[in-house]
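K.L.:
Sending over a structure as structure tokens; questions will come in a sec.
Residue numbers (the working numbering): 18 to 93.
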């Protein structure tokens, strides 16, 4: 909402200034762009499967134990 006010050409300069100050006061890490998907079990940032919330390693282990319904090892 703050960025929309700042970029709005019809907004008052005072409102733009206030929005800019509020945006600068926010913590840097509160930006969604800086968030990284991580495995729920290990915290691993790479090889992450969104659908399961796990890394490829832990997903494979869970699948081999049969903990993931509907997921079967590929075979052709």
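Don't be surprised by glycine CBs; every beta carbon is placed ideally from N, CA and C.
1) Excluding five sequence neighbours on each side, which residues of the same chain lie with their C-beta closer than 6 Å to the C-beta of residue 69?
2) Using 10 angstroms around the beta-carbon of residue 32, count the other beta-carbons present and answer buried if the total reaches 16, otherwise exposed.
3) From which residue to which residue does the alpha helix (DSSP H) around residue 75 run?
4) What's the gap between the Cα of residue 44 and the Cα of residue 54?
5) When the Cα atoms are used, what is the spatial distance from residue 27 to residue 34?
P.N.:
Considering the structure as presented:
1) For the purposes of this step, residue 69 is taken as residue 52 along the chain shown, with counting starting at 1. The answer, listed in chain order, is 76.
2) As a first step, residue 32 must be located in the chain shown, where it is residue number 15. Residue burial annotation: residue 32 is exposed, with fewer than 16 other C-beta atoms found within 10 angstroms of its C-beta.
3) Residue mapping note: residue 75 aligns to position 58 of the chain shown, counting from 1. For residue 75, the enclosing alpha helix (DSSP H) covers residues 73-82.
4) Start at 1 with the first residue of the chain shown, and residue 44 comes out as number 27. Start at 1 with the first residue of the chain shown, and residue 54 comes out as number 37. Looking at the backbone, the Cα of residue 44 and that of residue 54 are separated by about 19 Å.
5) As a working mapping, residue 27 is identified with position 10 in the chain shown. As a working mapping, residue 34 is identified with position 17 in the chain shown. Rounded to whole angstroms, residue 27 to residue 34 spans 13 Å at the Cα level.
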